[in-house]
């Protein structure tokens, strides 16, 4: 039988690669999960609550903005989940929950929706939220609780449930009480910078716990980042050039004056550099689409990070370095447009690029 | 990139590796299709000025008899693909969209497969370059790879151009998924291809020919290699199986390392490109003094029960070919050409023309239920990494959505885009980039007029 067929009309190409936005974002979430698990294992119940609150704040703000703009649900692309997961990793787990909520709302509202939502944000939303709480609540954001303390899965840190808009309890006294070793509350970067005391590299790299707070272990981030890079869901040029620039600049300074500057391996493995290089600088939306551009972008971030860390008043510089890199992205792209096939063989000189 | 291409360097940069889906038809020998009851021969089925009909309504024509004459140099004659009666000359649906003038022939039931009309040249060996170009035009040959540009025009030396052609590139890449027509022609008609290359070399003035074959068709490579043993001027080369390896700019880059400037022709780098299918026809038709009346078409896709390679008379309606291939009619998408650059046809009466290398049928099981959701561009750069012309489709897409059509052309070289579809294929946001670029080009060219 030859029935009258119903004919479908579409434009070419008629086939499509299997990946879409959702599958890429889902893989990024998967890649961050182990780091999140490490975070919870180290800090317990307070970390779980903080993650839950930040997630809720991010997702609710995204839905609220979509509703206000009359769009269908934007949820399902996982991008707000990624923002929340990264944001949590950049603040101390003792951060009062209400501050976490503020950070989440600012990240999505100001960092993303304000610019037009997914794909249009100039800055990494998680870092916009982080920068806001850094400015608004400097004490809470810069005081780290001890890791791996007894009873972390049965009790909360004293600051977690602080009432909104109040000064949270000082956690130093509590920290000294629960921590087995001498607890300082300082990060390895602060110890190095202000007390010239260097944390053993192996502990930074493998994350073996100590009295001072190490960030997520560099090795774990490396493995998670490599997973994404191998699945081609992350541009390896960016983290590599961030690390290369940071190592080169700090290495040169260290060779020049080893007693005043930390060695390059310490610079690479401490603080937020690894997390920033692999998971935040690589946010596709805020980084250049051109190959050369991605390398320049990474080098810029690496250099700015080292300058802020070693010469600035702050101990950590990755956040501002990435935000500056995001701001420079359109300019970098403009000057690194790919040269069209055959253009360099054109008789009438090159065209395009900067004039 | 495979090990092979790294060693040989015979490939181009960027591009994509879509699933090939060639196994279903690659092993199927070319089968001749019966004549359909009616043929629709479009006068504008090639690029250039449409042919002028030289038959009247009601006139009897025999297989191989001329039915239309070229309307100038950039034009070719058309021949009757079967014996029958001219029923009408009127507007009929085409694969490209608008209806166009076509000669409709009612085929006699007893029409023979034998070609009944020919004017064999008696001095092929002594013909001058100009005479050969004229003979190729008389054969009605156009680019059978899909472009359907009159072959003789490429071979002729333009009066205002000093550039000499040194190499004839023979395109046996066949990079589009599903298509295996050229593959089968290379396996089954290697002698015709070699004869065609010899004629083409003389016609275009080139000293040597290189046949470029994707490394997924090693059997064709071996067969041709065997057939060119006594032809030192013909080389057979493997190139990486990668889409769009068969685009002439990419193939020239892969085989010779030469890059054609934006807007220029292969001739500007001393090259002429012809498809293996075209050359096989040339090797068969020119010595016999016959005209082009049929071509090999791959019929494939989930919607046909008997996929294969069919020798189809030009002008056969899709309906007839598909019925022979076991299409039973359903909710389907019918693509003329490959899945990357082919056109969907709206009517089953659309006839096979010279440029149709495949008919793909996707039935409702293979069709997505709903349109894919389109997300905003997330600047993932997959398109930038895929574009074989080194354009920035991400930026072009954003400009198109903002209506900045002139900027697209002036600053981002929109006109270098040949709509291969790599960018849209890889786009995780499902942005219809090729469609956006087509619209932009159309609007710009309208403004320019």
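Residue numbers (the numbering used here), protein chains in the order written: chain R, 930 to 1284; chain P, 13 to 461.
C-beta: ideal position from N, C-alpha, C; glycine also.
Per DSSP, the unbroken alpha helix (DSSP H) holding residue 422(P) starts and ends at 417-422. Under the three-state reduction of DSSP output, residue 329(P) falls in the strand class. Two segments are said to touch when three or more pairs of C-beta atoms, one from each, lie closer than 8 angstroms; by this definition the region 321-332 of chain P does not touch the region 218-227 of chain P. Runs of the alpha helix (DSSP H) lying entirely within the region 1035-1111 of chain R and spanning at least 4 residues, in chain order: 1054-1065, 1067-1071, 1101-1107. Taking C-beta separations shorter than 7 angstroms and ignoring five residues to either side along the sequence, the partners of residue 429(P) in its chain run 401, 403, 449, following chain order. Counting of Cβ neighbours within 10 angstroms places residue 201(P) among the buried residues, the total reaching 16 or more.
In terms of Cβ geometry, residue 950(R) and residue 1015(R) do not form a close pair [threshold 9 angstroms]. As computed with DSSP, residue 286(P) is found in a beta bridge with 182(P).
Spatial neighbours of residue 193(P) in its own chain (CB-CB distance under 7 angstroms, excluding positions within 5 residues in sequence) are listed in chain order as 289, 308, 309, 310, 321, 369, 370. Burial is judged here by how many other beta carbons sit within 10 angstroms of a residue's own beta carbon; residue 84(P) has fewer than 16 and is exposed. Put simply, the backbone Cα of residue 135(P) is about 59 angstroms away from that of residue 410(P). Taking CB atoms only, residue 345(P) has a neighbour in chain R less than 9 angstroms away. For the pair residue 967(R) and residue 1193(R), the CB atoms are not nearer than the 9 angstroms cut-off. Straight-line measurement puts the Cα of residue 215(P) at about 32 angstroms from the Cα of residue 352(P).
Rounded to the nearest whole angstrom, the C-alpha separation of residue 141(P) and residue 358(P) is 43 angstroms.
With respect to residue 328(P), residue 45(P) sits close: the two C-beta atoms are nearer than 9 angstroms.
Of all residues in the region 1257-1270 of chain R, those with a C-beta nearer than 7 angstroms to a C-beta of chain P are 1266, 1267, 1268, 1269, 1270, reading in chain order. Here the region 121-138 of chain P lies against the region 71-82 of chain P, with 3 or more beta-carbon pairs under 8 angstroms apart. Just so you know, the alpha carbons of residue 1058(R) and residue 1216(R) end up roughly 18 angstroms apart. Using a Cβ-Cβ cut-off of 9 angstroms, residue 369(P) does not count as an interface residue toward chain R, since no Cβ of chain R sits closer than that to its own. Residue 984(R) is positioned such that its CB atom lies no closer than 9 angstroms to that of residue 1091(R). Identification of chain R residues near residue 194(P) by a Cβ-Cβ cut-off of 8 angstroms yields none; the smallest Cβ-Cβ distance measures about 19 angstroms. DSSP places residue 358(P) outside both helix and strand once states are collapsed to three, so it counts as coil. For residue 205(P), the closest Cβ of chain R is not nearer than 9 angstroms. Of the residues assessed, residue 26(P) falls on the buried side of the cut-off, its CB having 16 or more other CB atoms within 10 angstroms.
Nearest in C-alpha terms to residue 361(P), of all of 116(P), 205(P), 233(P), is 116(P). Taking a C-beta distance under 9 angstroms as the contact criterion, residue 413(P) and residue 940(R) do not qualify as a contact pair. With respect to chain R, the C-beta atom of residue 447(P) has a partner C-beta closer than 9 angstroms.
Residue pairing of residue 114(P) in beta bridges, as defined by DSSP: 54(P), 102(P). Residues of the region 1030-1063 of chain R with a C-beta atom less than 9 angstroms from some C-beta of chain P are 1045, 1046, 1047, 1048, 1049, listed in chain order. When secondary structure is reduced to three states using DSSP, residue 29(P) falls in the coil class, being assigned neither helix nor strand.
Along the length of the region 236-268 of chain P, whole alpha helix (DSSP H) runs at least 4 residues long occupy 260-268, reported in chain order. Chain-order list of chain P residues neighbouring residue 953(R): 390, 392, 440, by C-beta distance under 9 angstroms. When DSSP states are grouped into helix, strand and coil, residue 1269(R) belongs to the coil group. Close to residue 433(P), with beta-carbon spacing below 8 angstroms, are these residues of chain R in chain order: 941, 942.
Chain P places no beta carbon closer than 9 angstroms to that of residue 1158(R), leaving this residue out of the contacts.
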